Amino acid sequence: MGLIFYMRLRNLFKSIGCGMKVATAEIIRELDRRAMAEFGISGAVLMENAGLGVAGLFLEKFPEVRETGAVIACGRGNNGGDGFVIARHLANRGVSVDVFIAGEAEKVREGESKTNLDILKKMGIGVAEVKRDEDLLPFAESIKERGFVVDAMLGTGLDREVGGIYARMITAVNDIVDASSRMPKGHRKKVVAVDIPSGIDSDTGRVMGVAVKADSTFALALPKLGEIIYPGAEYAGELYVLDISIPKRLVERMEIDTSLVTPGEFFSLTAKRNPQAHKGDFGHLLIVAGSPGKTGAAALAAEGALLSGAGLVTVGVPASLNDVMEVKTTAAMTEPLPDDGGYLTPKALDRVLDLAGDGSSVNALALGPGLGTKGGIADVVRGLVLESNLPLVIDADGLNAVAGDCSVLKKRKADIIITPHPGEMGRLIGKRSAELQVDRVGAASGFALEYGIWVVLKGARTIVAAPDGELFIATCGNPGMARGGVGDILTGLIGGFLAVGENPKKAALAGVYVHGMAGDSAAERVGEVSLGTADILEEIPGITAALYNGEALESDGIDGFSARGMYRV
């Protein structure tokens with residue numbers, strides 16, 4: 001189901017320094033080239049480090065392979081070369097290995113891959129060719145006999161649909177492993193992919209016709225974008241990242257613009273609070289939200305804002321609903337706004353501008369949760385974009401109000417963060433949700449660049465796109481959070497962090513991280529099926545307490561960093 005990828009709360013406090021970078025195929029090629037040209041690290045060293053690292057981690061995580069043995073399925077390129085090295089090291093440590101090559105051995109790439117194939121042969125390790133359909137039979141029989149398959153067939157260089165013998169080998173692996181899952185416990189085969197599952201586009205996560213469904217993927221040097229985002233993330237399974245000696249300084253000089261969301265990006269949250277502080281020192285957020293039947297959205301946004309650490313939260317709601325809101329809220333204040341039948345009228349714009357104008361205590365605005373689309377709501381939203389000098393979070397019906405004319409965003413006076421789900425994002429860019437999901441990264445980053453705002457595209461692997469092209473991907477969160485009201489909490493969190501004084505980048509990343517981790521923690525406690533907004537709200541204080549205490553900033557990796565240089569994402 002792709003759920004084993006997300007970071008669990010119990011591992012949170014071992015992590016996390018400034019963000020782990022995420023690579024495309026082009027970045028990996030350039031890293032390899034520059035490691036060799038500028039640092040003198042040969043391709044042979046990189047391949048040896050990769051194979052040695054994978055073999056070591058394999059034995060650590062799956063010690064039973066010593067009893068069951070493993071099938072090493074290799075391609076003819078560098079990924080296959082890694083497989084040959086893995087086979088050698090596993091064999092040297094007493095593991096029975098069966099090595100298969102897709103196609104003819106004589107067509108293995110000259111250089112490091114060919115050298116490592118020759119070493120295997122000199123060691124007396126048989127290497128079988130899978131050139132035609134009849135060769136698939138011994139390949140399949142070997143998989144059935146062994147407990148593990150190491151997928152080293154296709155790597156990040158894949159640029160076309162998978163066909164021929166590669167497609168048939170991939171299908172054989174998937175079919176046999178799938179069939180084994182229905183057998184008694186202990187007979188289940190497991191697949192470990194080297195760098196990226198064969199058949200997954202390393203830049204988009206797209207399945208290139210057919211792809212290996214791995215239980216674990218051991219990525220080399222950096223995680224690949226295609227195994228972070230869906231559908232590739234589902235095929236990657238549990239993701240580990242191995243150090244293969246690419247110099248850290250080189251990675252930093254590359255100025256890679258995509259990272260995972262980690263607390264290191266918003267570390268200022270760990271600042272100690274002055275013992276003499278008062279509520280006015282921690283910001284005031286004004287939330288404009290609510291309409292008939294949707295006051296709950298406004299209340300949830302207020303709860304999220306208060307849990308962010310904001311000192312004051314005011315909820316501006318249609319006047320006819322104010323009595324309801326006063327019952328729903330305790331710590332948050334309410335402000336009745338001009339309405340007609342429970343929906344804001346254009347007059348509400350002047351009142352909000354008065355409440356949040358120069359000289360007021362309000363530091364940030366959040367608008368949209370449960371606002372509806374009737375009356376003068378579009379006028380209020382667009383007016384606030386054009387006239388307010390305060391940083392602004394726009395969600396839900398606030399985005400629907402903007403969708404009719406997004407050009408208003410270019411005329412803003414202050415920073416804007418939008419938090420659409422795929423349907424809302426689709427309306428903003430004129431695409432159906434299904435079309436947008438094909439390239440979520442492109443949709444979010446393109447819109448952020450075009451309009452000069454921050455985009456938080458919610459969903460499986462929430463994406464935070466900056467107006468300067470920087471991109472962040474969250475690995476926390478789970479399907480149990482796909483229910484009404486959860487997004488309203490996120491709006492409040494981000495708005496609260498803005499009000500406290502964080503810049504848009506830190507506010508967006510902190511909101512997404514705390515929200516996702518709270519959802520994961522709640523899911524571990526109550527399960528995903530019945531996960532509710534109250535469960536998520538209950539977990540937020542523990543997450544923020546850890547961040548404020550600096551407990552999540554002790555090391556430099558996702559889910560810890562070992563002496564061997566292994567990250568677990």
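Heads up, the sequence shown is in my numbering, so the first residue is 1 and it goes up one at a time.
For glycine and all other residues, C-beta sits at the position ideal for the given N, C-alpha and C.
Note that the coordinates shown come from a computational prediction; the quantities given were computed from them, not determined experimentally.
If you check the CB distance, V317 and L337 come in under 8 Å. DSSP lists no bridge partner for G341. Note that the region 86–102 touches the region 48–65; at least 3 beta-carbon pairs, one per stretch, sit closer than 8 Å. The alpha-carbon separation between R66 and A128 amounts to approximately 21 Å. Scanning the region 134–159 from its first residue to its last, the whole alpha helix (DSSP H) runs of 4-plus residues come out as 136–145.
Only buried fits P467, as 16 or more other CB atoms lie within 10 angstroms of its CB. When C-beta atoms of the region 322–329 are compared with those of the region 429–444, fewer than three pairs fall below 8 Å, so the two segments do not count as touching. Cβ-Cβ distances below 6 Å link L225 to V22, T24 and D203 in the same chain, with the five nearest sequence neighbours on each side left out; the list follows chain order. For the 8 Å CB-CB criterion, E265 and L509 form a contact. Pairing H278 with G477, the inter-Cα distance amounts to about 33 Å.
With contacts defined as CB atoms closer than 8 Å, R461 and A448 fail to qualify as a contacting pair. Under the three-state reduction of DSSP output, H421 falls in the coil class, being neither helix nor strand. Separation of G94 and V486 (C-alpha to C-alpha, rounded to the nearest whole angstrom) is 51 Å.
Comparing C-alpha distances from A236 to each of G126, K190 and P479 shows the shortest one belongs to K190. Counted as a single uninterrupted DSSP element, the alpha helix (DSSP H) harbouring S445 occupies residues R440 to Y451. A straight-line Cα-Cα distance of about 46 Å links G40 and G519. DSSP places T330 outside both helix and strand once states are collapsed to three, so it counts as coil.
A302 carries a helical assignment under DSSP once its states are collapsed to helix, strand and coil. Straight-line spacing of the CA atoms in A534 and K505 works out to 27 Å. Restricting attention to S245, L321, M183 and K131, the CA atom closest to the CA of S42 is found in S245.
Exclusion of the five residues before and after C406 leaves L428 and Y451 as the residues of its chain whose Cβ lies within less than 7 Å of its Cβ. Straight across, the Cα-Cα distance linking A366 with M517 is about 22 Å. Unbroken alpha helix (DSSP H) stretches of 4 residues or longer found wholly inside the region 463–524: 486–500, given in chain order.
In the three-state reduction of the DSSP assignment, H284 falls in the strand class, which pools E and B. DSSP, read as helix, strand or coil, puts K107 in helix. Each of F497, A465 and V45 was checked against the Cα of D281, and the nearest Cα belongs to F497.
Residue R188 holds the alpha-carbon nearest to the alpha-carbon of E64 among V85, R188 and I165. Counting other Cβ atoms within 10 Å of its Cβ, K294 reaches 16 or more and is therefore classed as buried.
In this chain, the alpha helix (DSSP H) harbouring F39 covers A25 to F39.
For E112, the enclosing alpha helix (DSSP H) has its first and last residue at E112 to K122. The alpha-carbon separation between I540 and G492 amounts to approximately 12 Å. Bounds of the beta strand (DSSP E) holding F218 are S216 to L220. When secondary structure is reduced to three states using DSSP, F62 falls in the coil class, being assigned neither helix nor strand. For S259, the uninterrupted beta strand (DSSP E) run begins and ends at T258 to L260, by DSSP.
The C-beta distance from A302 to L371 rounds to 14 Å, too long to fall under 8 Å, and the pair is not in contact. In the same chain as V362, and ignoring 5 residues on each side of it, the C-beta atoms closer than 7 Å to its own belong to H284, L286, L355, A356 and L390, in chain order.
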